[in-house]
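First comes the structure, then the notes that go with it.
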Amino acid sequence: MNSGDETASALGRPWRAPHDHSGPTFVAGRGAWLVDRDGHRVIDATSGALNVFCGHGVEQVVDAYVSQLRALAHVDMSQGLAEPAHLLADRLRDLPGHGGDRFFFANSGSEAIELAVRISSLYWAAVDSTRTDIITFERGYHGSTALCQSLSGLPQTSTIEDRCGATVRHLTFGELAGAELRWPQAREHITAQLRSLLADRAVGTVLVEPFLNVGGGIRLPEGLLGDIRRICDEYGALLVLDEVFTGLGRTGAWFAHEHEGVRPDLMAFSKGLTNGVCALSAVAADEGMLERLPSGSIVSYGHTMSASAAACAAASATLEHMRESGAVSAAREIGTRLLGALSRELRGADGVVDVRGHGLALSVELDGTDSAENVQRVAYDLGAYTRQQGSTVMLAPPACLSGEEEDRLADHLVTAVRKVVAAR
Ligand SMILES: Cc1ncc(COP(=O)(O)O)c(C=O)c1O
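Note that the sequence shown ends on residue 424 in UniProt numbering; no numbers are left out.
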């Protein structure tokens with residue numbers, strides 16, 4: 001793997017030590033490929049920052065963005081709106097499994113989560129002010145603003161103490177690990193905890209990621225999301241889905257909740273919305289829930305660049321491109337084949353704890369973080385840029401992979417795992 005020039009660069013990198021410049025520096029991206037500054041070409045199995053779902057350099061999206069920049073880049077959303085924001089909201093409402101009737105725009109996934117949590121607090125302030133608490137998964141990740149960090153129980157986000165007013169209660173997998181996380185016992189374990197936490201009527205909101213991305217690339221047990229919806233209904237709690245990663249095709253459906261026929265009360269989504277061209281996120285809200293807010297209730301949340309005309313134009317073009325290219329069904333088909341190939345070659349192999357996935361979110365869990373780091377490094381040299389999260393190596397490639405690229409990617413990862421394990 002090439003590395004940055006530590007002495008020359010003034011760049012500080014979030015998530016890393018202040019002077020860490022390790023890792024590749026890229027100069028170009030096209031389709032499923034990235035080129036680093038040594039000219040080494042790799043298949044981008046990280047889809048940018050998991051958001052370049054249709055592949056790098058989609059002309060239709062870039063052109064829509066640039067021509068909107070020329071026509072009108074932005075106006076202040078608190079005063080008026082640009083036409084592309086209306087058009088995008090209407091397009092989103094027409095998507096299968098759109099998860100809501102009204103769309104609010106922000107920039108990052110973290111901001112969309114903040115917005116969704118604020119709408120849920122506004123709801124509870126109006127409906128029952130005692131229900132202030134929020135349930136999340138301990139291994140859930142909801143972003144890096146102070147509020148979002150406080151929603152997660154992951155150690156890497158616990159850098160600010162006592163960050164938000166709401167009390168957050170966590171669902172945990174207990175002693176369950178690896179493939180056990182998909183067993184019916186895991187489903188029962190979580191639903192029992194959820195019921196007991198909801199029995200305390202202080203909880204009003206349950207926030208769930210359908211696939212625990214940063215928490216280890218974990219696919220939730222089948223049926224669990226449906227159970228969570230039913231239990232929320234039983235206890236009158238709001239279900240907020242964090243589809244920042246899973247939304248817009250990643251799991252082989254437009255939104256992951258479609259797999260279980262679940263409808264959320266609120267849903268945040270972002271990655272993939274502009275295919276990585278610019279920042280944009282959204283919250284879909286259920287009209288029935290919004291109608292219970294007193295008239296004149298104000299969602300006091302917005303940013304300078306919220307609902308930017310150019311970003312909304314890029315998003316509309318992305319949705320159009322996704323429809324025309326059949327990206328969502330491609331994600332489902334490629335993901336199924338990749339999971340089959342990786343499972344055949346690696347399940348039960350030395351050093352491998354688990355192979356799992358959903359659509360184009362695939363995880364190979366190894367028996368240690370060092371091994372995962374080494375696999376990522378060796379795979380890079382072979383020609384595949386993967387994502388490492390603790391002891392897991394994740395593949396989240398774009399849906400534009402050709403058959404040949406798909407085979408290469410699986411082959412590079414399998415070879416890397418075998419080499420690393422054999423060298424120990
Ligand atoms: C599930 C989930 N929620 C929220 C976020 C935060 O999004 P952003 O980094 O755009 O703030 C992420 C980012 O990785 C995510 O994966």
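We put the beta carbon where it would ideally sit given N, CA and C, even for glycine.
| query | For S120, is the beta carbon positioned less than 7 Å from some heavy atom of ligand 1? | reply | For the purposes of this step, residue 120 is taken as the residue at position 120 of the sequence shown. It does not: the Cβ of S120 is nowhere closer than 7 Å to a heavy atom of ligand 1.
| said: As a quick exercise: from G368, T205, G390, L395, pick the residue whose alpha carbon is nearest that of A379. | reply: By one-based count along the sequence shown, residue 379 stands at place 379. Of the residues G368, T205, G390, L395, the one whose Cα lies closest to the Cα of A379 is L395.
| said: Using a 10 Å radius around the Cβ and a threshold of 16 neighbouring Cβ atoms, would you call H19 buried or exposed? | reply: Residue 19 sits at position 19 when you count from the first residue of the sequence shown. Burial call: exposed.
| Which residues DSSP lists as bridging E243, in chain order | Taking the first residue of the sequence shown as position 1, residue 243 is located at position 243. Partner(s): F269.
| Check whether D101 and P397 have beta carbons under 8 Å apart | Here the question's residue 101 lines up with position 101 in the sequence shown. Here the question's residue 397 lines up with position 397 in the sequence shown. Not in contact: D101 and P397 (Cβ atoms no closer than 8 Å).
| task | Please list, in chain order, all residues of the same chain as E161 whose beta carbon is under 6 Å from its beta carbon, the five residues on each side excluded. | result | On the sequence shown, position 161 is the one that residue 161 refers to. Below a pLDDT of 50, predicted positions are generally treated as unreliable, and E161, at 48, falls in that range; the measurement from the model is reported next regardless. Cβ within range, chain order: n/a, list empty.
| task | For the region 47-78, list the alpha helix (DSSP H) runs that are entirely contained and at least 4 residues long, ordered along the chain. | result | Correct list: 47-50, 59-71.
| For D381, does the count of other Cβ atoms within 10 angstroms reach 16, so buried, or fall short, so exposed? | If you number the sequence shown from 1, residue 381 lands on position 381. When all chains shown are included, D381 counts as exposed.
| Residues of its chain near E406, where Cβ-Cβ distance is below 7 Å and the 5 sequence neighbours each way are ignored | Walking along the sequence shown from the start, residue 406 turns up at place 406. Taking E406 as the centre and dropping the five residues before and after it, the same chain places the C-beta of I334, R337, L338 closer than 7 Å to its C-beta, in chain order.
| query | Under the criterion of a Cβ to heavy atom distance below 7 Å, does I334 qualify as lining ligand 1? | reply | As a position in the sequence shown, residue 334 is number 334, starting the count at 1. For I334, the shortest C-beta to heavy atom distance toward ligand 1 is 7 Å or greater.
| task | Out of L225, D63, N374, A237, state which residue places its alpha-carbon closest to the alpha-carbon of G261. | result | Working through the sequence shown from its first residue, we reach residue 261 at position 261. The shortest CA-to-CA distance from G261 to any of L225, D63, N374, A237 is the one to L225.
| said: Just to confirm my understanding: we take D265, look at its own chain, exclude 5 residues before and 5 after, and list those with CB closer than 6 Å. What are they? | reply: Along the sequence shown, read from residue 1 onward, the residue named residue 265 stands at position 265. L238, L239, D286, M289, listed in sequence order.
| Same chain, Cβ closer than 7 Å to R13, five either side skipped, listed in chain order | For this step, residue 13 is matched to residue 13 along the sequence shown. Spatial neighbours of R13 in its own chain (CB-CB distance under 7 Å, excluding positions within 5 residues in sequence) are listed in chain order as D20.
| query | Using a threshold of 7 Å, is the CB atom of F245 nearer than that to any non-hydrogen atom of ligand 1? | reply | The residue you call residue 245 lines up with position 245 of the sequence shown. It does: the Cβ of F245 is within 7 Å (strictly closer) of some heavy atom of ligand 1.
| query | Between S108 and ligand 1, is the CB less than 7 Å from at least one heavy atom? | reply | The residue labelled residue 108 in the question sits at position 108 within the sequence shown. Flag set: Cβ of S108 near ligand 1.
| task | Please go through the same chain and pick out, in chain order, the residues whose beta-carbon is closer than 7 Å to the beta-carbon of A399, but skip the five residues on each side of it. | result | Counting from one through the sequence shown, the residue named residue 399 turns up at place 399. Answer for A399: F53, C54, G249, A327, A330, A331, I334, L360, listed in chain order.
| task | Just tell me which of L212, V283, I218 has its CA closest to the CA of R356. | result | Mapped onto the sequence shown, residue 356 falls at position 356. Of the listed residues, the one whose Cα sits closest to R356 is I218.
| field | 6 Å Cβ shell around H40 - same chain, five flanking residues per side excluded | value | Reading the sequence shown from its first residue, position 40 is the one you call residue 40. If we look at H40 and ignore the five residues flanking it on each side, it has no Cβ neighbours.
| field | Buried versus exposed, by CB contacts within 10 Å (16 or more), G296 | value | The count along the sequence shown starts at 1 and reaches residue 296 at position 296. Burial call: exposed.
| request: Classify Y385 as helix, strand or coil using the three-state DSSP reduction. | output: Residue 385 sits at position 385 when you count from the first residue of the sequence shown. When secondary structure is reduced to three states using DSSP, Y385 falls in the strand class.
| said: With H, G and I counted as helix, E and B as strand and the rest as coil, what does DSSP make of W33? | reply: In the sequence shown, the residue the question calls residue 33 occupies position 33. The answer is strand: DSSP assigns W33 an E or B state.
| field | Test item: CB-CB of L346 and V364 under 8 Å | value | In the sequence shown, counting from the first residue as 1, residue 346 sits at position 346. In the sequence shown, counting from the first residue as 1, residue 364 sits at position 364. Yes. Within cutoff.
| query | Under the rule that 16 or more other beta-carbon atoms within 10 Å means buried, what is G80, buried or exposed? | reply | Working through the sequence shown from its first residue, we reach residue 80 at position 80. Exposed, because fewer than 16 other Cβ atoms sit within 10 Å of the Cβ of G80.
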